[in-house]
Ligand code: NBP
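In this note's numbering, the protein residues as written are 533 to 1016.
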């Protein structure tokens, strides 16, 4: 522990799992770390369990904590998002001086971050909303960090964050994302992509298990193999671990004793709400969020699961597909659906950035998400290259590399969605992503009919393909067309 005369380069407020691990990470990198928690028991525990790992300055009050920081003071808040964060910001702002930096490292809603940045900057302080990904292990050993806020605060903060972030090929997984809420916005979309990524992995597992009849341990081996190719990623790696786990009480595969009702803390839902407001079709993320909601509708599922007619669903044998071919088709369907989810996520980030004038560079995100965070994956290198190649590309799917990949994937993807339909198995993200893909390919969409209907019942007018202007058909009169 440090003596009281020393000042800390960084402070952490909130010493639950994330905060204490982040504080230890800073200490491991040689920084003196001021630590404070509302209830002192957590501060005491951090110091008694880990005080020897580096230089910590524990405080029992916010005032003492602020006084233990060198200027400009830099304090990271790691408390529950919402009211708790507001309360801590207020206490810190009262105790700090102009030029000091308050960093919110929690999962704040980006609109809250925009509001807080306004309020705090009006008091002469800097406010940085920083998305931190990687869970507790990431916080301790190297997270991906997405800081927003004013660019100048990154000058004082960047080197500290770079020292604790994950590194890939020597590059730290952190960079300044953009002003005010930009960091928390991209962290939100990162989490949304995570929902879709987990769901497509879930759908692949479900098909291998309940279509092809494979055992969890066998499927774990399949995922291990997939992890050495295009799908190489943290989520595929841990999927193999979960599927090979055996429950010590029942000796059954653990997956079979876990209740199939998925929890959520809200960032996926926020991603979809923001996408709806921005008018961006994040169908993969949306279906993944709805799939979790439906999994949790236990009463409804109990009432419907035996009651609803299935129609003439077939068996895997009826399909006449070779099992090994099916496994490869599922891998390709998973990869294609995952590409769509990432492409949609990046579309949302682009739209959010334009809406708020954040100037977010998508290449930065692909680079910093390669390590530390939950969606870290080899193929983020490809996304980074795609944006290097053309930063303005209309859709990631148009990049020559991904275009070529889709060429290789799309037939398998269609076969898998058809097979799932014939077998009566749900694949909401596989199937909706394929529909999204076919919508992007379509020369004509049924939206023309929708415009006709809207004009019929509400005189909403329509545009014509052959001349400019807006038109209305006099539906309840002689059905002639007028220009409006
Ligand atoms: P929690 O989200 O469980 O929050 C617990 C902390 O908040 C404790 O330190 C608690 O202090 C403090 N707190 C509360 Br609750 N109300 C407070 C108040 N009014 N004033 C001061 N402190 C208050 O902790 P966590 O799981 O470590 O997560 C911290 C942040 O990081 C959250 O925003 C979370 O969303 C985000 N995050 C978490 C993960 C993850 O994997 N867990 C990953 C990425 C981001 P007390 O000890 O006195 O009750």
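No residue lacks a Cβ here, since even glycine has one placed at the ideal position from N, Cα and C.
- The C-beta distance from residue 706 to residue 681 rounds to 13 Å, too long to fall under 8 Å, and the pair is not in contact.
- Linking residue 635 to residue 614 through their CA atoms gives a straight-line distance of about 14 Å.
- In this structure, the beta-carbon distance from residue 874 to residue 928 falls below 8 Å.
- DSSP places residue 1005 in the uninterrupted beta strand (DSSP E) bounded by 1003-1005.
- Distance from the Cα of residue 801 is smallest, within the candidate group 790, 819 and 793, for 819.
- Listed in chain order, the non-local C-beta contacts of residue 749 below 6 Å within the same chain comprise 776, local neighbours out to five positions each way being set aside.
- A Cβ-Cβ separation of about 15 Å leaves residue 546 out of contact with residue 598 under the 8 Å criterion.
- The bridge partners DSSP lists for residue 587 are 564.
- No heavy atom of the ligand NBP is found nearer than 7 Å to the CB of residue 830.
- Note on geometry: alpha-carbon atoms of residue 539 and residue 669 lie some 27 Å from one another.
- In terms of Cα proximity to residue 796, the closest of 850, 648 and 730 is 730.
- Taking every protein chain shown into account, the CB of residue 783 has fewer than 16 other CB atoms within 10 angstroms, so this residue is exposed.
- The DSSP-derived three-state label of residue 855 is helix.
- The segment 693-703 makes no contact with the segment 875-890; the number of CB pairs closer than 8 Å stays below 3.
- Apart from sequence neighbours up to five positions away, the residues of its chain that approach residue 885 with a beta-carbon distance below 6 Å are 892, ordered along the chain.
- When distances are taken from the beta-carbon of residue 610 to the heavy atoms of the ligand NBP, the shortest one is below 7 Å.
- Under DSSP, the beta-bridge partners assigned to residue 664 are 677.
- If you look at residue 956, you'll find it isn't in any alpha helix (DSSP H); DSSP assigns it neither H nor E.
- Classified as exposed, residue 855 has fewer than 16 neighbouring CB atoms from the shown chains inside 10 Å of its CB.
- For residue 785, the beta-bridge partners assigned by DSSP are 778.
- Taking every protein chain shown into account, the CB of residue 999 has fewer than 16 other CB atoms within 10 angstroms, so this residue is exposed.
- Within the segment 607-646, the complete beta strand (DSSP E) segments at least 3 residues long are 633-636, listed from N- to C-terminus.
- Counted as a single uninterrupted DSSP element, the alpha helix (DSSP H) harbouring residue 734 occupies residues 714-742.
- Remark: the shortest separation between the CB of residue 569 and any heavy atom of the ligand NBP falls under 7 Å.
- Here residue 773 carries a helix assignment [DSSP, helix/strand/coil].
- Assigned with DSSP and collapsed to three states, residue 900 falls in helix.
- Under a 10 Å Cβ-count criterion, residue 837 is classified as exposed, with fewer than 16 other Cβ atoms of the shown protein chains found around its own Cβ.
- Across the set 864, 898 and 894, the C-alpha of 864 shows the shortest separation from the C-alpha of residue 739.
- DSSP, reduced to helix, strand and coil, places residue 704 within a strand of the structure shown.
- When secondary structure is reduced to three states using DSSP, residue 794 falls in the coil class, being assigned neither helix nor strand.
- Per the DSSP secondary-structure output, residue 659 pairs in a beta bridge with 634.
- Residue 543: member of the beta strand (DSSP E) spanning 542-545, first to last residue.
- The ligand NBP has a heavy atom closer than 7 Å to the beta-carbon of residue 547.
- Just measuring C-alpha positions, the residue of 793, 851 and 805 sitting nearest residue 831 is 793.
- As far as DSSP is concerned, residue 688 takes part in no beta bridge.
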